[in-house]
Amino acid sequence: MQNRSHKNASTNEKEESLSQLFLELVNIIKKLRAPDGCPWDREQNLYSLKNHFIEEAYEFIDALDNNDIENIKEELGDLLLHIIMHSVIAEEDCFFSINDVIESISSKLIRRHPHVFSDLKVKNTDDVMKHWEAIKVNEGKTRTSIFDGIPRSLPPVQQSYKIQKRAAKTGFDWSNASECMEKVEEEFAELKGAIKSGEKEEIEHEMGDMFFALINLARLMDIDPDESIRKVNQRFKKRFNYIEEKLSEKQISLKDANLQEMEKLWQEAKKQ
237 MQNRSHKNAS TNEKEESLSQ LFLELVNIIK KLRAPDGCPW DREQNLYSLK NHFIEEAYEF
297 IDALDNNDIE NIKEELGDLL LHIIMHSVIA EEDCFFSIND VIESISSKLI RRHPHVFSDL
357 KVKNTDDVMK HWEAIKVNEG KTRTSIFDGI PRSLPPVQQS YKIQKRAAKT GFDWSNASEC
417 MEKVEEEFAE LKGAIKSGEK EEIEHEMGDM FFALINLARL MDIDPDESIR KVNQRFKKRF
477 NYIEEKLSEK QISLKDANLQ EMEKLWQEAK KQ
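In terms of our numbering, the sequence shown opens at residue 237 and continues consecutively.
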């Protein structure tokens, strides 16, 4: 009994500490927005911080890709700052408050997880997603098109991936990855033909078809295409950095290095 009481006391202390820290952060942001606060923060409105928020989200992704725990913590803080800042600005404009934001997401999570917060029984993740979509319909989130709700501001690769997943739910999909691979090869042949023609618009068109087919192939093979591209970007940068370092050791600048020497170093980097 004493151990349980101690555990409850410890939990209550952590919850109280969390509440205090959260309130302190909200008050710091309100102070920044106050008449005697920061001129830059005071100039911001509900829409002016959009690009900053997107930038912070990508910095968080970078931290995840680098497995940089300290930076992950810092970037989560930056994202939290933006969420509270937007909520504080919205409260000033008499739209909603941070309390409304928290209440809204809490209610949604409980409502959409009846298998956790109620007595609904589910078998697996597919079952969960089926009920999730049904609950969204009951909430009045009906769609005139299956593509409704896919943000137009999503990066193109992610947008293609979501479009394909939505279409696949209707049965409009390849039977397997092998069939899709044939489509990739078909699109590649058409791209080569377009390049041979020299018509820029046709090349752009066929290049788009090629990308779309490759994203489809990735989806059918349960590969996240966005993650795949991020990883190849990192590999390329790492290998090219190796070239830079080795050339620097030889006191050779990039502009003075020949392609043969750079290719040799590239192959060395690949082996490492």
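Backbone N, C-alpha and C define an ideal beta-carbon position, used for all residues, glycine too.
Neighbourhood of residue i by C-beta, 8 Å cutoff - its chain only, sequence neighbours within 5 removed
| i | result |
| --- | --- |
| Lys-506 | Arg-475 |
| Trp-410 | Cys-416, Lys-419, Asn-452 and Leu-456 |
| Asp-445 | Glu-423, Glu-426 and Leu-427 |
| Phe-332 | Ser-323 and Ala-326 |
| Pro-350 | Leu-356, His-367 and Ile-371 |
| Lys-405 | Ile-382 |
Burial state of residue i (16 or more Cβ within 10 Å)
| i | result |
| --- | --- |
| Ser-323 | buried |
| Tyr-283 | exposed |
| Leu-495 | exposed |
| Tyr-397 | buried |
| Glu-442 | buried |
Nearest neighbour of residue i, chosen from the options [CA to CA]
| i | options | result |
| --- | --- | --- |
| Lys-493 | Ile-479, Leu-427 and Asp-462 | Contrary to the premise, residue 493 reads as Ala rather than Lys in this sequence. When only C-alpha atoms are compared, the closest one is Ile-479. |
| Lys-372 | Gly-444, Val-364, Arg-348 and Asp-362 | Arg-348 |
| Leu-315 | Asp-462, Ile-297 and Met-417 | Ile-297 |
| Leu-345 | Asn-360, Glu-499 and Trp-368 | Trp-368 |
| Ile-290 | Asp-329, Asn-335 and Glu-311 | Glu-311 |
| Glu-481 | Ile-264, Gln-470, Leu-501 and Ser-396 | Leu-501 |
| Ser-343 | Asn-360, Ala-370 and Glu-375 | Glu-375 |
| Ser-389 | Lys-286, Val-352, Arg-471 and Lys-250 | Lys-286 |
Boundaries (first-last residue) of the alpha helix (DSSP H) holding residue i
| i | result |
| --- | --- |
| Ala-370 | 361-374 |
| Gly-313 | 305-328 |
| Ser-343 | 334-347 |
| Ala-403 | 392-405 |
| Asn-452 | 436-456 |
| Phe-424 | 413-433 |
| Leu-483 | 461-485 |
| Phe-289 | 286-301 |
| Met-505 | Looking at the sequence shown, residue 505 is not Met but Ala. Start and end: 495-507. |
| Asp-492 | Run containing Asp-492: none; DSSP gives neither H nor E here. |
| Phe-331 | That residue, Phe-331, is in no alpha helix (DSSP H); it is neither H nor E in DSSP. |
Rounded Cβ spacing between residue i and residue j (contact assumed at less than 8 Å)
| i | j | result |
| --- | --- | --- |
| Leu-456 | Ala-413 | 4 Å |
Cβ neighbours of residue i in the same chain (closer than 7 Å, five flanking residues each side left out)
| i | result |
| --- | --- |
| Pro-392 | none |
| Gln-395 | Ile-386 |
| Ile-465 | Val-393 |
| Asp-362 | none |
Sequence-distant residues of its chain with Cβ nearer than 6 Å to residue i (five each side left out)
| i | result |
| --- | --- |
| Asp-355 | none |
| Leu-483 | Ala-493 |
| Met-321 | Ile-265 |
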